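Those letters in the sequence shown? Residues 2 to 167, per our numbering, in order.
We put the CB at the ideal spot given by N, CA and C, even for glycine.
As the structure is a computational prediction, the values presented were derived from the model and not from experiment.
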Amino acid sequence: MTKAVNASVVLQFAAENRLSLDSTAQGLLPGLLTDDFTQPVTVRNLLNHTSAIQAGAGLDGPWEEQYAHRFDRLPVAEVVRTAVAKGPAFDPGEQQQYLSINYTLLALIVEKVTGHPSRRSPPGGCCGPSECAPVTSPATRWAAGAPTTAATNWWTASAWTSPGGG
């Protein structure tokens with residue numbers, strides 16, 4: 002799902018009391034965050050990019066190198082694992098850092114709440130009862146495969162396992 006749709010679904014769930022904006026990632030996704038995250042990371046923190054979770058594996062380096070790898074795809078599990086392994090960058094709520102990892106974790110929360118892969122619209126969710134069409138880029142028109150981030154703007158994280166294996 003795109004960030005806008007993901008945020009809409011999460012806010013709808015909050016309005017329906019299916020989750021609270023003050024619910025914590027630690028409570029909703031036990032075992033996901035390392036012990037370095039001593040302060041609660043709330044759904045609200047994820048929505049407004051104040052979670053303190055650092056960027057996970059991604060395309061780094063000079064622009065030319067990033068451009069050369071613009072169609073590379075990274076497994077969601079790898080991105081999440083490498084992000085939480087870094088520990089928090091600051092206390093949650095203290096700073097804002099716009100990173101996609103926040104919405105990757107929100108997608109995991111949507112999956113937890115609905116029991117469905119987040120690339121499908123939740124039953125009765127903001128997208129209606131049918132499946133949402135994936136948002137595509139040039140990369141998604143030629144590539145298919147495991148759940149990924151990077152060039153795609155839709156998520157499924159059902160292959161994710163916690164750093165502890167659970």
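Using CA coordinates, which residue listed in H117, P63 and V44 is at the minimum distance from I102?
Translated into the one-based positions of the sequence shown, residue 102 becomes position 101. Its Cα nearest to that of I102, the residue V44 stands out among H117, P63 and V44.
My parser needs the beta strand (DSSP E) runs of 3 or more residues fully inside the segment 50-106; what are they?
74-76
Of the residues L100, Q27, N49 and T39, which one's Cα is nearest the Cα of S9?
Against the sequence shown, residue 9 aligns to sequence position 8. The shortest C-alpha to C-alpha distance from S9 to any of L100, Q27, N49 and T39 is the one to N49.
Nearest residue (CA-CA) to A108, options A26, R74 and E17
Here residue 108 corresponds to residue number 107 of the sequence shown, with the count starting at 1. Per the Cα distances, A26.
Is it true that the segment 24-41 meets the segment 60-80, where meeting means three or more beta-carbon pairs spaced less than 8 Å apart?
no
Identify, in the order they occur along the chain, each residue of the same chain with its Cβ nearer than 8 Å to the Cβ of V81, setting aside the five sequence neighbours on each side.
Position 80 of the sequence shown, counting from 1, holds the residue named residue 81. Here the set comprises L33, G57, I102, T105, L106, L109, A158 and W161.
If distances are taken between C-alpha atoms only, which option among E17, A69, H117 and L100 comes closest to N46?
For the purposes of this step, residue 46 is taken as the residue at position 45 of the sequence shown. When the alpha-carbon of N46 is set against those of E17, A69, H117 and L100, the nearest one is in L100.
For A84, I'd like the list of residues in its chain whose CB is within less than 7 Å of its CB, leaving aside the five on either flank, ordered along the chain.
Working through the sequence shown from its first residue, we reach residue 84 at position 83. Hits under 7 Å: I54, Q55, A56, G57 and I102.
Alpha carbon to alpha carbon, how far is R71 from P118? Give it in angstroms, no decimals.
Locating residue 118 in the sequence shown gives position 117, counting from the first residue. Locating residue 71 in the sequence shown gives position 70, counting from the first residue. Rounded to whole angstroms, P118 to R71 spans 25 Å at the Cα level.
Taking all protein chains shown into account, decide if E112 is buried (16 or more other Cβ within 10 angstroms of its Cβ) or exposed.
On the sequence shown, position 111 is the one that residue 112 refers to. So E112 counts as buried.
So, helix, strand or coil for T115, using DSSP?
Counting from one through the sequence shown, the residue named residue 115 turns up at place 114. The answer is helix: DSSP assigns T115 an H, G or I state.
Given a cut-off of 7 Å on the beta-carbon distance, is the pair R19 and V77 in contact?
The count along the sequence shown starts at 1 and reaches residue 19 at position 18. The count along the sequence shown starts at 1 and reaches residue 77 at position 76. Result no, Cβ atoms of R19 and V77 do not sit closer than 7 Å.
Less than 8 Å between the CB atoms is what I'm expecting for G94 and T51, so what's the real figure, rounded?
Your numbering for residue 94 matches position 93 in the sequence shown. Your numbering for residue 51 matches position 50 in the sequence shown. Yes, G94 and T51 are in contact; Cβ-Cβ is about 5 Å, under 8 Å.
Taking the straight line between their C-alpha atoms, what separation do you get for A5 and L12?
Along the sequence shown, one-based indexing puts residue 5 at 4. Along the sequence shown, one-based indexing puts residue 12 at 11. Rounded to the nearest angstrom, the gap between the Cα atoms of A5 and L12 is 11 Å.
DSSP has T25 in a bridge; who is on the other side?
Residue 25 sits at position 24 when you count from the first residue of the sequence shown. According to DSSP, T25 bridges with T43.
If I'm right that L22 touches A16 with Cβ under 8 Å, what's the distance once you round it to whole angstroms?
By 1-based counting over the sequence shown, the position of residue 22 is 21. By 1-based counting over the sequence shown, the position of residue 16 is 15. Not quite, the Cβ-Cβ distance comes to about 10 Å (not below 8 Å), so this is no contact.
Selection from G59, T3, A86 and G28 that minimises the alpha carbon distance to L75:
Residue mapping note: residue 75 aligns to position 74 of the sequence shown, counting from 1. For the residues G59, T3, A86 and G28, the minimum Cα distance to L75 belongs to G59.
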